[in-house]
Every structure is written in structure tokens, then in C-alpha cells.
Amino acid sequence: MTEHRLFCEENGIRVDKYIADAEIGLSRSAAVGLIENGGVTVNGQRVNKKSKLKLGDTISVSIPDPIPYEAKAEDIPIEIVYEDNDLLVVNKPKGMVVHPAAGNYEGTLVNALLYHCGDSLSGINGVMRPGIVHRIDKDTSGLLIVAKNDKAHASLAEQIKAHSFTREYEAVVFGNLKTDEGTVDAPIGRNPNDRKKMCVTERNSKHAVTHYRVLSRYKGYTHIRCILETGRTHQIRVHMAYLCHPVAGDQVYGVKGEKLNFSGQCLHAKKIGFIHPKSGKYMEFDSVLPEYFDSFLNKLRNISR
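Be aware that the sequence shown starts at 310, since it is given in the working numbering, and climbs by one per residue.
Right, dumping it as C-alpha cells:
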């Protein structure tokens, strides 16, 4: 059981919203569930989710320990671009979740990696994310790196932290960008109105920088390359939406009612580069655009003629 004690700093806010905004790892729906099960008290008394707080109230939050879960190996085909005794580079298909989580305990990249690698994966991120140094969204395709041991994991994670890790993406965005290249330097944090979304905000945010360059222009859309200087959650999707040019097909940050022939965003992690943790040599891998991406570009070419 994990205990948190919070002190209300404003009048009239609902208790479930206050807990969700407190950065203790709970979404608003999770806070509601905890309240309903008696895991939240205000000044020592049980409350309901609609209870309003007063300045100075003491909120006690008791979060039960998670039920232990260990990811299971599954014989799922994966495209391995490179592999040695320290790491793998994998080309993840669109639609595959990277690691198990609520609602997705099977069919993930981790399940496939456990079958392929057995016990040869780093344990730094625990049993749910063995070997996972960084991740890409379910509906984003492309390259990511997997560590086979803790030493390799630590080295690669440090490169990401130091911004020396090369990550280039290609995307199709809605609308026509005014400039052929540019930089978005805008902090990213949780959307205060929707905990499942990120947004550009100064509140509880992290520095985020995305460089972009136009590759081709079409009627109503632009094909771009994005280079990540930082690696925040949903960074490219949030930054392009911030420019009012959201990624095509993005169901979260995109244009409402946009009619496309594929689900999920048109975003591909095309290139990855890093210093090998053992040899010290720089390695770089590039990937071809997946079929869904190529098909959409062909459709745009035909429309734009």
C-alpha cells in the first residue's frame, strides 16, 4: 500500500479532479475508483467523487499495491533489423503495442521479444518492460532499440538523456506548412482537462524540441521529416497539432471528421542512430516507409495532379 497526503490549496475543486492533478500517478477515472472503494479520506472522513474541497483540507490517498504480473513469451513474428549480444533494433509494425499494460497484456512487442530472446533482456525497467529503452506509440510504426543487458540499457538511456541519440521520423501532416523547415521549441505536459492527452503547457511540463523539414507538398497535406532533439510522450503529434498541422489520421490530436483509409496517425520512426555501448562505434539504421504510408502518399499524388 502506498500512502499519499495532500493539502488542498484552493476552494471548490472536486476531490477526484484534485487527486488526478496532484501528479501521484492516478488518472481521474482511477481516482474515482479509489474514492468509491474507500481509499480516499478528507480530514479523516470518507467522501464521494463530487465532494468539493476547501482550502487547507487534508486529503489522504491510499493506493493498493499492484497485482504482480509477469509478461509471457508469445511466438509473434517481428522484424529484427540488427542484433548482437548487447542489443536489437526492431522495426515495429503499426498497431502493435510496445509493452503490456492494462487492456493490452498479450500480443505486444515485449511478448514477442521474450519468445525470441528468452532471459536475455535488460531488467532495468522491470518485468513489464524488459529490454525497453524507449518506446513508440501503438499506431506509430518504425525503428526502436531493445537492450539485452543492464549495462547496454544504461548506456543507451544516458545517450537519450544527453540528446545524442539520433531519431528521425517521417509524417504526413494536415494542411500546408508555411515554411520549408523550422523548429518547435515548446514544453509538453499533461493536458489539465484530459489526463490521457499531452499538450503544450508551462505547467508541470518538460522541455521539448522538434525540428522539421518539408519533403513534399500535396493538396491539403504536407509530407515532412522530423528530427527529435528531445523525446517526450507524443512529442511530434503534440507539436504539429500546436502548429495547427496535426499528423494525418491522428485520432487524439488530429482534425475531427478527417476521412482517411487507415486508422491511426501517419507517422513512422524511419531512422535511429546511437553509439554502441560495447564497441563505442556510432551505428545508424534506416528503414523503408511501410505500405500504409506509401499508399497514402500515392493517393495524395493522384489527388494533387
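Glycine is no exception: its CB is placed at the ideal position from the N, C-alpha and C atoms. All values reported here derive from a predicted model rather than from experimental measurement.
- Annotation for F583: the continuous beta strand (DSSP E) segment containing it runs L576 to I584.
- In summary, C508 is buried, with 16 or more beta-carbon neighbours lying within 10 Å of its beta-carbon over all protein chains present.
- For G451, the enclosing beta strand (DSSP E) covers residues S450 to A456.
- Cβ contact annotation for C317 (same chain, cutoff 7 angstroms, sequence separation greater than five): Y327, L362, K363, L364, G365, D366 and I368, in chain order.
- Judged by DSSP secondary structure, Y521 falls within the beta strand (DSSP E) whose first and last residues are V518 to Y527.
- When DSSP states are grouped into helix, strand and coil, V561 belongs to the coil group.
- A direct Cα-Cα distance of roughly 35 angstroms separates A331 from I581.
- One Cα belongs to S596, the other to N320, and the distance between them is close to 53 angstroms.
- If you draw a straight line from the Cα of T475 to the Cα of E415, it is about 30 angstroms long.
- Only residues of its own chain outside the window of five on either side were considered, and among them K528 have a CB closer than 6 angstroms to the CB of I612, listed in chain order.
- Secondary structure note for H313: its beta strand (DSSP E) is the uninterrupted segment T311 to F316.
- For F483, the three-state secondary structure derived from DSSP is strand.
- Shown here, H532 sits in a strand according to DSSP, grouped into three states.
- Per DSSP, reduced to three states, the secondary structure at I612 is helical.
- Under the three-state reduction of DSSP, K358 is assigned to coil, being neither helix nor strand.
- The beta carbon of L396 lies closer than 8 angstroms to those of I454, V455, A456, K457, A461, L465, H585 and P586 in the same chain, with the five residues before and after it left out.
- Scanning the stretch 397 to 477 for uninterrupted alpha helix (DSSP H) segments of 4 residues or longer gives 418 to 426 and 459 to 470, listed from N- to C-terminal end.
- Under the 10 Å beta carbon count, M405 is surrounded by 16 or more other beta carbons and is classified as buried.
- Looking from the CA of Y478, the closest CA among D459, D448, E383 and H577 belongs to H577.
- Cβ neighbours of R512 within its own chain (closer than 8 angstroms, five residues either side excluded): G498 and P501.
- Here V407 is near R444, since their CB atoms are less than 8 angstroms apart.
- When the beta-carbon positions are compared, V398 and F594 come within less than 8 angstroms of each other.
- Taking 8 angstroms as the cut-off, the beta carbon of L423 is found closer than this to the beta carbon of A382.
- The residue among Y521, R526 and G566 with its C-alpha nearest the C-alpha of R546 is Y521.
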